[in-house]
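Asker:
Residue numbers (the numbering used here): 7 to 306.
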């Protein structure tokens, strides 16, 4: 059996990436993996790349100096035991205890760790009769270079949602969810920075041949059109049942991922922020150039 197509959904958190994942993974030929953050844990630099706030000390300062050299040499992050634990969980969730029990706990070289990841996920997909596996970790947007360096036959789907509504959803998540990483978005400027950084990164990557754009607004207003285009890129045929089964896929999402549930298209921006805050957000968010991101169409 041929190697499955490897697809990564990336974008700013709260852009609707879980909804897109649910739609695509409802296809009978697609194996869906939900937010492993595998490469972020393996490569490291999470604080720098994902803008995590933490106190600087001598150890962190030294690591920040030598991390680029370590990554260029292909050496895994020294605390990278987490990726193998994630992979073990993937195998167990697929009822593949035979794969889980044979995993090596830690590797020195990134390539060895990634090869184990690919062998495991490819095997799960192939044995289940799937021709595509789909991974959704918004953070992987900032690890594309490493993924492309080690993983062949990749497709990256960039999901982009209009800035002010994404900022509103990030801010709302910061108020509601206690999971680590969300509270920082109670700061409006932190939410704006997150969206701006994500859009800038997507802008630099979308010119590559294995990267494609989906607008959230188009996905929710014309899902069949958007999904047909994506299915064609993945090498499968669109099936109408994908749209009908998305809620079933979302119902299987654990409580740890509640912050990524389907998002309303409108209204949060107007209801959460004062007129002064709205003006500040509109002034700060990075514009979406029509020639790159397509013309902005407001959907009711």
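Here a beta-carbon is modelled for each residue, glycine too, at the ideal position from N, C-alpha and C.
All figures in this text were calculated on a predicted structure; none of them were measured in a lab.
Would you kindly work out how many angstroms separate the C-alpha atoms of residue 38 and residue 31, rounded to a whole number?
Answerer: Start at 1 with the first residue of the chain shown, and residue 38 comes out as number 32. Start at 1 with the first residue of the chain shown, and residue 31 comes out as number 25. Cα to Cα, the separation comes out at about 5 Å.
Asker: Pull up the distance between the alpha-carbon of residue 154 and that of residue 13, whole angstroms please.
Answerer: Indexing the chain shown from 1 puts residue 154 at position 148. Indexing the chain shown from 1 puts residue 13 at position 7. Rounded to the nearest angstrom, the two C-alpha atoms are 11 Å apart.
Asker: Going by DSSP, what residue range makes up the beta strand (DSSP E) through residue 141?
Answerer: For this step, residue 141 is matched to residue 135 along the chain shown. 138-142 is the span of the beta strand (DSSP E), which, as asked, contains residue 141.
Asker: For the alpha helix (DSSP H) containing residue 17, name the first residue and the last one.
Answerer: The residue labelled residue 17 in the question sits at position 11 within the chain shown. No alpha helix (DSSP H) contains residue 17, which is instead part of the beta strand (DSSP E) from 11-17.
Asker: Give me the Cα-Cα distance between residue 221 and residue 215, rounded to the nearest whole angstrom.
Answerer: Your numbering for residue 221 matches position 215 in the chain shown. Your numbering for residue 215 matches position 209 in the chain shown. C-alpha separation (whole angstroms): 18 Å.
Asker: Suppose the cutoff is 7 Å on Cβ atoms and the five residues either side in sequence are ignored; what does the same chain contact list for residue 298 look like?
Answerer: For the purposes of this step, residue 298 is identified with residue 292 of the chain shown, where counting begins at 1. Here the set comprises 209, 212.
Asker: With distance defined between alpha-carbon atoms, name the residue in 51, 285, 44, 173 nearest to residue 274.
Answerer: Here residue 274 refers to the residue found at position 268 when the chain shown is read from its first residue. Cα-wise, what sits closest to residue 274 is 173.
Asker: Three or more C-beta pairs closer than 8 Å, one from the segment 101-111 and one from the segment 137-149: is that the case here?
Answerer: No: fewer than three Cβ pairs fall under 8 Å.
Asker: By Cβ distance, which residues of its chain are closer than 7 Å to residue 178, with the 5 residues on each side in sequence left out?
Answerer: Here residue 178 corresponds to residue number 172 of the chain shown, with the count starting at 1. For residue 178, where only same-chain residues beyond five positions count, the Cβ hits under 7 Å are 274, 278.
Asker: Which of the three DSSP states, helix, strand or coil, is assigned to residue 45?
Answerer: Position 39 of the chain shown holds residue 45. Reduced to three states, the DSSP call for residue 45 is helix.
Asker: So, helix, strand or coil for residue 166, using DSSP?
Answerer: As a working mapping, residue 166 is identified with position 160 in the chain shown. Strand, per DSSP.
Asker: Quick one, are the C-beta atoms of residue 207 and residue 114 less than 8 Å apart?
Answerer: Counted from its first residue, the chain shown places residue 207 at position 201. Counted from its first residue, the chain shown places residue 114 at position 108. For residue 207 and residue 114, no; Cβs fall outside 8 Å.
Asker: For residue 170, which residues of its own chain have a beta-carbon under 7 Å away from its beta-carbon, when the five flanking residues on both sides are left out?
Answerer: As a first step, residue 170 is located in the chain shown; it is residue number 164 there, counting from the start. Answer for residue 170: 275, 287, 288, 291, listed in chain order.
Asker: What residue does the beta strand (DSSP E) around residue 94 start on, and which one ends it?
Answerer: Stepping through the chain shown from its first residue, residue 94 is reached at position 88. Premise fails: residue 94 lies in the alpha helix (DSSP H), 88-99, not in any beta strand (DSSP E).
Asker: Taking a contact to mean a Cβ-Cβ separation below 8 Å, would you say residue 33 touches residue 242 in this structure?
Answerer: Translated into positions along the chain shown, residue 33 becomes position 27. Translated into positions along the chain shown, residue 242 becomes position 236. Cβ atoms of residue 33 and residue 242: closer than 8 Å.
Asker: If you reduce the DSSP assignment to three classes, tell me which class residue 201 lands in.
Answerer: The residue you call residue 201 lines up with position 195 of the chain shown. It is helical.
Asker: Which residues in the same chain have their Cβ closer than 7 Å to the Cβ of residue 20, if we skip the five residues on either side of it in sequence?
Answerer: Within the chain shown, residue 20 is the residue found at index 14, counting from 1. Within the same chain, residue 20 has close Cβ partners 172, 175, 176, 179, 269.
Asker: Let me know the secondary structure DSSP gives residue 80 once reduced to three states.
Answerer: Numbered from 1 along the chain shown, position 74 holds the residue referred to as residue 80. In this structure, residue 80 counts as coil in the three-state DSSP scheme.
Asker: Which whole-angstrom value describes the C-beta separation of residue 166 and residue 17, a residue pair presumed to lie in contact below a C-beta threshold of 8 Å?
Answerer: Within the chain shown, the letter at position 160 stands for residue 166. Within the chain shown, the letter at position 11 stands for residue 17. Confirmed, Cβ separation roughly 6 Å.
Asker: Could you please give me the residues that DSSP links to residue 217 through a beta bridge?
Answerer: In the chain shown, the residue the question calls residue 217 occupies position 211. 162, per the DSSP bridge assignment.
Asker: Can you give the Cα-Cα distance for residue 189 and residue 161, rounded to whole angstroms?
Answerer: For the purposes of this step, residue 189 is identified with residue 183 of the chain shown, where counting begins at 1. For the purposes of this step, residue 161 is identified with residue 155 of the chain shown, where counting begins at 1. Using only the alpha carbons, I get a separation of about 32 Å.
Asker: Taking 7 Å as the limit between beta carbons, can you name the residues of its chain near residue 88, skipping five residues before and five after?
Answerer: As a working mapping, residue 88 is identified with position 82 in the chain shown. Cβ within range, chain order: 47.
Asker: Looking at C-alpha atoms only, which residue of 219, 152, 95 is the closest neighbour of residue 239?
Answerer: Within the chain shown, the letter at position 233 stands for residue 239. Among 219, 152, 95, the Cα nearest to that of residue 239 is on 219.
Asker: Count the other CB atoms within 10 Å of the CB of residue 22; is the residue buried (16 or more) or exposed (fewer)?
Answerer: Start at 1 with the first residue of the chain shown, and residue 22 comes out as number 16. Burial call: buried.
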